[in-house]
Structures are given as C-alpha cells and as structure tokens.
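Below is one structure, written out as structure tokens; the observations come after it.
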Amino acid sequence: MSSNKARADSLSLLLFTLRSGKLMAINLLKVSEIIPCPPLTKLPESHPHVKGIATLRGNSLSVIDLSRAIGERPLADPDSGCLIVTDVSRSKQGLHVQAVSKIVHCLTTDIRPPPFGSGGIKSYITGVTQVDGTLVQVLDIEKVIHGIAPAQIEMAPTELSMEDAEALGNARILVVDDSQVALQQSVHTLRNLGLQCHTARSAKEAIDCLLELQGTANEINLIVSDIEMSEMDGYALTRTLRETPDFAHLYVLLHTSLDSAMNSEKARQAGANAVLTKFSSPELTRCLIDAAKTIASQAA
1 MSSNKARADS LSLLLFTLRS GKLMAINLLK VSEIIPCPPL TKLPESHPHV
51 KGIATLRGNS LSVIDLSRAI GERPLADPDS GCLIVTDVSR SKQGLHVQAV
101 SKIVHCLTTD IRPPPFGSGG IKSYITGVTQ VDGTLVQVLD IEKVIHGIAP
151 AQIEMAPTEL SMEDAEALGN ARILVVDDSQ VALQQSVHTL RNLGLQCHTA
201 RSAKEAIDCL LELQGTANEI NLIVSDIEMS EMDGYALTRT LRETPDFAHL
251 YVLLHTSLDS AMNSEKARQA GANAVLTKFS SPELTRCLID AAKTIASQAA
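Residue numbers (the UniProt record's numbering): 1 to 300.
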C-alpha cells in the first residue's frame with residue numbers, strides 16, 4: 001500500500017473574501033444558507049470576536065466577526081457584508097464576511113496541506129488549493145469556533161462494566177484528524193478512559209503509521225478518522241484500507257463535524273463500519289466500546 005497514492009473524491013467549496021480580498025473557502029456541506037447581514041443585538045460581556053446575536057426565523061444565532069477571529073483587519077464598513085450560516089459539530093453560527101464569491105467543484109486531491117511556516121497549530125487554515133491560478137485557503141471553522149467557545153467536553157462514563165473495560169483494553173487505536181482542536185478532543189476522551197492511542201494529521205501519516213506498527217505488539221486494529229482532510233479524505237482512506245489485504249479487516253469509525261445523517265450512506269459505500277458526528281465524548285465512548293466488541297468477536 002502506497003501512502004502517496006491518494007484516491008480522489010469530489011468536493012464543493014464556497015469561496016468568500018474578507019477585507020484583504022484574498023480568497024478563502026469553506027466546505028459547502030457546512031453551509032446552510034447565505035444572507036445579508038441583519039441587525040445584530042450586542043450582548044454585554046460577550047466574546048470580542050462575537051459581533052452580536054441575530055434572529056433568524058425566530059431562533060437566535062451567534063454571529064462571529066471572522067476577520068477578527070482569524071487575526072485579520074476588520075471590515076471597512078462593519079455593517080456591510082453578508083453572513084455565511086454554518087452548521088458544524090451540532091451547532092449553528094453565522095460568519096460575517098466581506099462577500100461571497102462563488103461555488104467551485106474540485107477533487108480532494110486538489111487540496112494540499114498548508115505550506116510549511118504558515119502558522120502551524122496557530123493557523124486557521126486546514127489546506128490550500130488553486131482556483132483559476134489564485135491561491136485559496138480552506139478555513140478551519142472548528143478552530144475558529146473553539147477559540148470563541150471551547151467545547152465543553154462531556155465526561156465519558158468512568159464506571160465501565162468489566163466487559164466494556166476488557167474490550168476497550170484490547171483496542172489499539174489510531175486517531176486521524178487534520179484539525180488540531182478535534183484531534184485533542186478525541187485524545188482527551190481516550191485518556192479519560194485510560195487508553196493510549198497513536199495520532200496522525202493526515203491520511204498519508206495514518207498509512208505510514210499503520211505500516212510502521214504492522215506485525216508489532218502495537219499493531220492498530222481500530223481507526224477513528226476525520227472525513228474532511230486534504231489530499232486524501234476519510235472516505236478515500238477507508239477505501240484504500242479495504243482494498244489492502246493486510247488492512248482490510250481494520251475497524252473504521254468516521255468521525256465528522258458534518259451531520260452524520262448526510263454521510264452515512266457514503267461512509268457505508270466506502271466500507272466504514274460506523275460514522276459519528278463530532279463532538280460528544282459519551283457517544284464517542286459508546287462507539288469505541290461497540291467497535292472493541294466487534295473486533296473481539298472477529299478475533300474469537
């Protein structure tokens with residue numbers, strides 16, 4: 001299995017601009033609608049990157065000043081622009097941007113990792129691509145949201161049954177996610193369960209890790225992978241594993257910030273065992289227990 005041979009899936013990106021005029025993008029599946037910026041109500045003691053609260057069809061919506069949130073200059077006219085309403089990780093929020101440009105369709109292999117020196121974990125982009133010769137940066141919306149309202153990680157049940165604890169103890173887990181925030185959340189849940197794991201920031205790193213550990217006492221038997229990743233996404237990684245005899249048996253849980261109902265069929269077609277929407281520590285724990293029991297039953 002070559003870690004350099006990426007399988008291509010299609011991807012739709014919504015392009016938008018901030019004051020600087022440079023093009024940024026967000027996965028279209030994370031966008032529920034685009035509207036002119038409505039009147040906002042400023043709440044006292046709110047986070048400085050939250051412009052205010054909008055009322056959308058009777059529901060309150062927090063509006064993030066995206067320019068300030070990622071360290072850019074604020075819009076010249078703070079009342080202009082539009083809102084990109086996103087639905088990410090079980091919550092909705094509005095992103096205040098200068099303008100929406102267009103929707104483009106590309107392949108996941110067209111999205112490259114951020115260039116070296118672009119900010120590391122402090123950067124708010126997960127990848128870059130070219131559109132008509134212009135560089136486009138793909139926004140890490142999960143990190144933006146986490147910087148404003150860090151997810152309250154629900155404590156997973158500490159009192160596991162003997163059967164569940166024994167099953168989990170035999171799981172050798174690899175967590176794959178290109179978002180540092182999401183990766184840390186998953187690892188935190190595992191550590192609360194007393195589990196250690198290996199991590200990878202891309203499908204390529206994941207494959208390299210699998211090959212390195214193959215045949216050792218730490219050989220991986222359970223993969224928890226993000227879906228949205230540059231170069232090779234979670235679907236392509238799963239298909240690659242299923243087509244590789246040495247790794248076809250691995251249990252694959254796809255862990256995504258997208259609504260899992262939208263992705264269940266595609267995940268099944270790719271060969272994933274299960275799919276889960278980020279981020280709920282109790283639900284992730286239950287999925288891990290189910291996975292560990294399945295692995296144990298297959299080994300029996």
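Cβ atoms here follow ideal geometry from the backbone N, Cα and C, with glycine treated the same way.
Quick caveat, the model's predicted, so the values are computed rather than measured.
| query | Mapping DSSP to helix, strand and coil, what is residue 278? | reply | For the purposes of this step, residue 278 is taken as residue 278 along the sequence shown, with counting starting at 1. Of the three classes helix, strand and coil, the one that applies to residue 278 here is coil, per DSSP.
| For residue 111, three-class secondary structure by DSSP | Here residue 111 is taken as the residue at index 111 of the sequence shown, counted from 1. It is coil, neither helix nor strand.
| message | Quick check on the DSSP output: the alpha helix (DSSP H) that includes residue 164 runs from which residue to which? | response | As a working note, residue 164 is residue 164 in the sequence shown. Residues 162-169.
| query | So, residue 64 versus residue 98, is the Cβ gap smaller than 8 Å? | reply | As a first step, residue 64 must be located in the sequence shown, where it is residue number 64. As a first step, residue 98 must be located in the sequence shown, where it is residue number 98. No, these two residues do not count as a Cβ contact at 8 Å.
| field | N- and C-terminal bounds of the beta strand (DSSP E) containing residue 53 | value | Here residue 53 refers to the residue found at position 53 of the sequence shown. Start and end: 50-56.
| Option in 136, 172 and 177 with minimal Cα separation from residue 143 | Along the sequence shown, one-based indexing puts residue 143 at 143. That would be 177, whose Cα lies nearest to the Cα of residue 143.
| said: Just to confirm the assignment, what range does the beta strand (DSSP E) spanning residue 45 have? | reply: Counting from one through the sequence shown, the residue named residue 45 turns up at place 45. Where residue 45 is concerned, there is no enclosing beta strand (DSSP E), given that its DSSP letter is neither H nor E.
| message | Assuming residue 251 is part of the beta strand (DSSP E), what are its boundary residues? | response | Against the sequence shown, residue 251 aligns to sequence position 251. 251-256 is the extent of the beta strand (DSSP E) around residue 251.
| query | Which residues in the same chain have their Cβ closer than 8 Å to the Cβ of residue 256, if we skip the five residues on either side of it in sequence? | reply | Translated into the one-based positions of the sequence shown, residue 256 becomes position 256. Cβ within range, chain order: 226, 227, 228, 234, 263, 275, 276, 277 and 278.
| request: Would you mind working out which of 236, 52, 26 and 19 sits nearest residue 148, comparing C-alpha positions? | output: Stepping through the sequence shown from its first residue, residue 148 is reached at position 148. Considering only alpha carbons, the answer is 52.
| First and last residue of the uninterrupted beta strand (DSSP E) at residue 33 | As a position in the sequence shown, residue 33 is number 33, starting the count at 1. Where residue 33 is concerned, the enclosing beta strand (DSSP E) stretches over 31-36.
| said: Please return the same chain residues whose Cβ sits closer than 8 Å to the Cβ of residue 266, not counting the five positions on each side in sequence. | reply: Mapped onto the sequence shown, residue 266 falls at position 266. These residues qualify, in order along the chain: 235.
| query | Taking one C-beta from the stretch 280-292 and one from the stretch 166-183 each time, how about it: are there three or more such pairs within less than 8 Å? | reply | yes
| said: Can you tell me which residues form a DSSP beta bridge with residue 130? | reply: Walking along the sequence shown from the start, residue 130 turns up at place 130. Answer is 135, bridged to residue 130.
| query | DSSP on residue 246, reduced to helix/strand/coil? | reply | Here residue 246 corresponds to residue number 246 of the sequence shown, with the count starting at 1. Looking at residue 246 - three-state DSSP - the assignment turns out to be coil, as it is neither helix nor strand.
| query | When the distance is taken between beta carbons, is residue 34 closer than 8 Å to residue 106? | reply | Mapped onto the sequence shown, residue 106 falls at position 106. Mapped onto the sequence shown, residue 34 falls at position 34. Contact: no.
| task | Label residue 135 either buried or exposed according to how many other C-beta atoms from any shown protein chain fall within 10 Å of its C-beta, with 16 as the threshold for buried. | result | For the purposes of this step, residue 135 is taken as residue 135 along the sequence shown, with counting starting at 1. Flag for residue 135 reads exposed.
| Any idea which residues DSSP pairs residue 92 with across the strands? | By one-based count along the sequence shown, residue 92 stands at place 92. 87, per the DSSP bridge assignment.
| message | Below 8 Å on the Cβ atoms is my contact criterion, and I expect residue 127 with residue 114 to pass it. Report the Cβ-Cβ distance as a whole number of Å. | response | Looking up residue 127 in the sequence shown gives position 127. Looking up residue 114 in the sequence shown gives position 114. About 6 Å separates the two Cβ atoms, so the contact holds.
| message | Less than 6 Å between C-beta atoms, sequence neighbours within five positions excluded: which residues of the same chain meet that for residue 293? | response | By 1-based counting over the sequence shown, the position of residue 293 is 293. Answer for residue 293: 167, listed in chain order.
| field | Per DSSP, cross-strand counterpart(s) of residue 82 | value | Counted from its first residue, the sequence shown places residue 82 at position 82. Residue 82 is bridged to 36 and 97.
| message | By the three-class DSSP mapping on this structure, what secondary structure does residue 70 have? | response | Along the sequence shown, read from residue 1 onward, the residue named residue 70 stands at position 70. Note: residue 70 maps to coil in three-state DSSP.
| CA-CA distance, residue 310 and residue 243? | Summary: the structure shown does not reach residue 310, with the chain confined to residues 1 through 300, and so no result is reported for it.
| task | Using the DSSP secondary-structure output, state which residues sit across from residue 26 in a beta bridge. | result | In the sequence shown, the residue the question calls residue 26 occupies position 26. Paired residues: 14.
| field | Exposed unless 16 or more other CB atoms sit within 10 angstroms - verdict on residue 76 | value | As a working note, residue 76 is residue 76 in the sequence shown. Exposed, since its Cβ has fewer than 16 Cβ neighbours within 10 Å.
| task | Pull up the DSSP beta-bridge partners for residue 306, would you. | result | For the chain, the structure presents residues 1 to 300; residue 306 sits outside this window and is missing.
| query | According to the Cβ coordinates, are residue 24 and residue 137 closer than 8 Å? | reply | Here the question's residue 24 lines up with position 24 in the sequence shown. Here the question's residue 137 lines up with position 137 in the sequence shown. Cβ distance < 8 Å, so residue 24 and residue 137 count as in contact.
| task | Please report the residue range of the alpha helix (DSSP H) in which residue 123 lies. | result | The sequence position of residue 123 within the sequence shown is 123, counting from 1. No alpha helix (DSSP H) contains residue 123, which DSSP labels as neither H nor E.
| task | Just list the alpha helix (DSSP H) runs in the stretch 183-220, keeping only unbroken ones of 4 residues or longer that don't cross its boundaries, in chain order. | result | 203-213
| Under a Cβ-count criterion, where at least 16 other Cβ atoms within 10 Å of its own Cβ denotes burial, should residue 121 be classed as buried or exposed? | Against the sequence shown, residue 121 aligns to sequence position 121. For residue 121, the pLDDT reaches just 44, beneath the cut-off of 50, and the residue's location in the model is therefore unreliable, although a value from the coordinates is still provided. Answer is exposed; the Cβ neighbour count stays below 16.
| Should residue 298 be labelled buried (16 or more other beta-carbon atoms within 10 Å of its own) or exposed? | For this step, residue 298 is matched to residue 298 along the sequence shown. When all chains shown are included, residue 298 counts as exposed.
| Cβ distance (whole Å) where residue 30 is taken to contact residue 258 below 8 Å | Looking up residue 30 in the sequence shown gives position 30. Looking up residue 258 in the sequence shown gives position 258. Sure, about 7 Å apart at Cβ, within 8 Å.
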